[in-house]
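In terms of numbering that gives the first Met the number 0, the sequence shown is residues 0 to 563. Right, one structure below, let's go through it.
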Amino acid sequence: MAELRVKGGVGAAIPHDSGHLHVSGEATYTDDIPEVRGTLYAAIGMSERAHARIKAIDLAKVRAAPGVVAVITARDIPGKNDYGPVIADDPIFATAMVQYFGQSIFAVAAKTMEQARRAARLAVIEYEDLKANLTAKEALRDQSFVLPTERLVRGNPRAAIASAPHRLQGRINIGGQDQFYLEGMIAYAVPKEDGTMLVYSSTQHPGEVQHQVAHALDLRAKDVVVDCRRMGGGFGGKESQPGLFACVAALLAQKTRKAIKLRVDRDDDMLMTGKRHDFETEYEVGFDDAGRILGVDFVLAGRCGYSADLSGSINDRAMFHSDNCYYLENVSILSFRCKTNTVSNTAFRGFGGPQGMMGIECVIDEIARHLGKDPLDVRKLNFYGIDERNVTHYHQPIVDNVIHDIVGQLEQSSDYHARRKAIRAFNAGSPILKRGIALTPVKFGISFTATHLNQAGCLLHIYTDGTLMLNHGGTEMGQGLFTKVAQVVAEELQVDIDRIRITASDTSKVPNASATAASSGADINGKAAQAAAVALRERLTQFAAEHFKVAPESVTFRNNQVQV
């Protein structure tokens, strides 16, 4: 008889664990959490200047507005007036100067959300306007940077370009985008006994929010718990910046001893939160008659905003991906991290990688156009090799290189050449409407470039009825992470997945977890869950062997049972 396989193990196609709750409207997001009696609602008073000194602030009308219970500024922060994720350069509330339009200056708590938002608009603030740099080009002109400039060099690109049979140069403007998660930024802070704080936050990084709130409230990490069952999307936008909203809610909660909900509307969310970094990229390239790149020089200017946020790692990744799938024997990449009087840009899917790839892909297209060749032929000519030409400009060997096979298969299965020929014929007879076809490869680095962040934790309970409760450091934002991690546990312990209850990400259960980011969530949290399951299985195996006086090898886990 064939052995029964557990339901929902690794490789099984199963529904999202919350799919039925999503479609029925029963899934609980932060705004759906039942409110504590007496909950107050918060709004943030924002700057109406991009760059200015604050000469005077009059909040009398704010305090006198209907329903207002409390108003706070930087002076009311008992701890640190900062929520910067890497560098302490992100004030919770601006003090002497504002550095972007929409920067937080104060916050108000009122009996209703509408009262709080109306009151926040009543502040009278006197500014002295200062010169504002809004673009990377303006920042370059003034040598204004949030972080030091970095350069990667291999070989002698200047000499290779100068001696090349063909040379081209150009400029590429790469725009940014808003993450536009469906659930906006929100935090719900509930003061608990003995001065502790519980914060429900829509965040990809509960551990970081815990630290930010603790520092702002002058508490220790043990006194703050951050909980996130699910987000309505993140896309990187909730990796570092939810801390501002959590800190504001927690500060008001500490001051009033009331639960505080801060839910910014969509307009304010887009004003106050960072986007994908837009880049201005300049290049000069030298190449031979066949289209092989002999030398290339890139200058990348990323518009970071007013503070560092995650811009160091994002611009680093752009440098690391400036080769994409191509071997660059002689290359220079200069990266400027431009400071502008705009909200600090932040993580967005790809995390700088797409901006780096865009540069080299445009170079490849320009080479093909210059030589009158098919761009795919130029791409294939410059691909990383298998046994040679297979080390990146940052000294990492390319192993398991399958790009030649993949592109060859796609070239055949898509009927690329016949379709390209038909498109050229169509375009020749169509002066207005045009068609095109392209095949673009991608090499993307999985995991955090800060390697110490490539870690995870898991807490796994087995109850006496054979059911399990699973908690890990990753966060669920619709991508199905919780389901995938539960499948790992189901497979390892050979139990049906419906025996496993997945619980909210919670800093009191799994501490010091990394952000769910860098395309690493399933890998690192799945391995943590596997390690937890293996540890419990080994303990139970040893206990069963001793109890029933059998060899450990005769104790097996299968079909939802421990069999001896």
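We put the CB at the ideal spot given by N, CA and C, even for glycine.
Which class does residue i belong to by DSSP, given the choice of helix, strand or coil?
i: residue 35; result: coil
i: residue 1; result: For residue 1, the pLDDT reaches just 49, beneath the cut-off of 50, and the residue's location in the model is therefore unreliable, leaving the point undetermined.
i: residue 524; result: helix
i: residue 557; result: strand
i: residue 98; result: coil
i: residue 407; result: helix
i: residue 175; result: coil
i: residue 280; result: strand
i: residue 133; result: coil
i: residue 141; result: helix
i: residue 533; result: helix
i: residue 321; result: coil
i: residue 440; result: coil
i: residue 218; result: coil
i: residue 43; result: strand
i: residue 7; result: coil
i: residue 191; result: coil
i: residue 126; result: strand
i: residue 492; result: helix
i: residue 149; result: strand
Alpha carbons only, please: which of the options is nearest the one belonging to residue i?
i: residue 405; options: 441, 389, 246; result: 441
i: residue 271; options: 485, 243, 553, 289; result: 243
i: residue 363; options: 295, 333, 400; result: 295
i: residue 293; options: 157, 8, 130; result: 157
i: residue 504; options: 470, 135, 487, 262; result: 470
i: residue 347; options: 234, 532, 108; result: 234
i: residue 321; options: 284, 359, 434; result: 359
i: residue 564; options: 107, 211, 535; result: Residue 564 falls outside the range modelled here, since the chain spans only 0 to 563, and no answer is possible.
i: residue 369; options: 282, 16, 286; result: 286
i: residue 218; options: 227, 193, 239, 228; result: 193
i: residue 316; options: 546, 228, 487, 393; result: 393
i: residue 91; options: 63, 214, 9, 110; result: 214
i: residue 515; options: 371, 227, 557; result: 227
i: residue 266; options: 399, 531, 45; result: 45
i: residue 600; options: 291, 111, 127, 107; result: There is no way to answer for residue 600, as the model of the chain reaches only from 0 to 563.
i: residue 134; options: 172, 125, 430; result: 172
Pull up the distance between the alpha-carbon of residue i and that of residue j, whole angstroms please.
i: residue 246; j: residue 479; result: 28 Å
i: residue 142; j: residue 425; result: 49 Å
i: residue 288; j: residue 165; result: 7 Å
i: residue 527; j: residue 455; result: 6 Å
i: residue 86; j: residue 146; result: 10 Å
i: residue 155; j: residue 327; result: 11 Å
i: residue 26; j: residue 474; result: 15 Å
i: residue 513; j: residue 419; result: 46 Å
i: residue 537; j: residue 544; result: 10 Å
i: residue 0; j: residue 401; result: Reliability of the predicted coordinates at residue 0 is poor, the pLDDT of 40 falling under 50, and the value obtained from them is presented with this limitation in mind. Residue 0 and residue 401: Cα-Cα distance of roughly 40 Å.
i: residue 204; j: residue 89; result: 17 Å
i: residue 415; j: residue 352; result: 27 Å
i: residue 307; j: residue 178; result: 19 Å
i: residue 460; j: residue 481; result: 16 Å
i: residue 240; j: residue 83; result: 9 Å
i: residue 144; j: residue 96; result: 18 Å
i: residue 487; j: residue 9; result: 6 Å
i: residue 398; j: residue 437; result: 26 Å
i: residue 547; j: residue 563; result: 8 Å
i: residue 269; j: residue 238; result: 15 Å
i: residue 74; j: residue 62; result: 16 Å
i: residue 115; j: residue 211; result: 24 Å
i: residue 502; j: residue 98; result: 40 Å
CB of residue i to nearest heavy atom of the ligand GTP: below 8 Å?
i: residue 385; result: Summarising the ligand content, the structure contains no ligands, and the ligand GTP is consequently not present.
Under 9 Å, do residue i and residue j count as touching if we go by C-beta distance?
i: residue 201; j: residue 231; result: yes
i: residue 305; j: residue 102; result: yes
i: residue 249; j: residue 284; result: no
i: residue 300; j: residue 337; result: yes
i: residue 354; j: residue 278; result: yes
i: residue 377; j: residue 100; result: no
i: residue 302; j: residue 349; result: no
i: residue 189; j: residue 43; result: no
i: residue 122; j: residue 191; result: no
i: residue 357; j: residue 280; result: yes
i: residue 216; j: residue 253; result: yes
i: residue 344; j: residue 49; result: no
i: residue 449; j: residue 483; result: no
The region 32 to 40 touching the region 75 to 84, judged by at least three CB pairs closer than 8 Å
Output reads no: the region 75 to 84 does not touch the region 32 to 40.
Does the contact criterion of 3 or more C-beta pairs under 8 Å hold for the region 174 to 193 versus the region 481 to 493?
At 8 Å Cβ cutoff, the stretches do not touch.
At least three beta-carbon pairs within less than 8 Å, the region 327 to 345 to the region 249 to 268
Because the criterion of three Cβ pairs below 8 Å is not met, the region 327 to 345 and the region 249 to 268 do not touch.
Is there contact here, the region 54 to 62 with the region 309 to 323, by at least three beta-carbon pairs under 8 Å?
Segments in contact, no.
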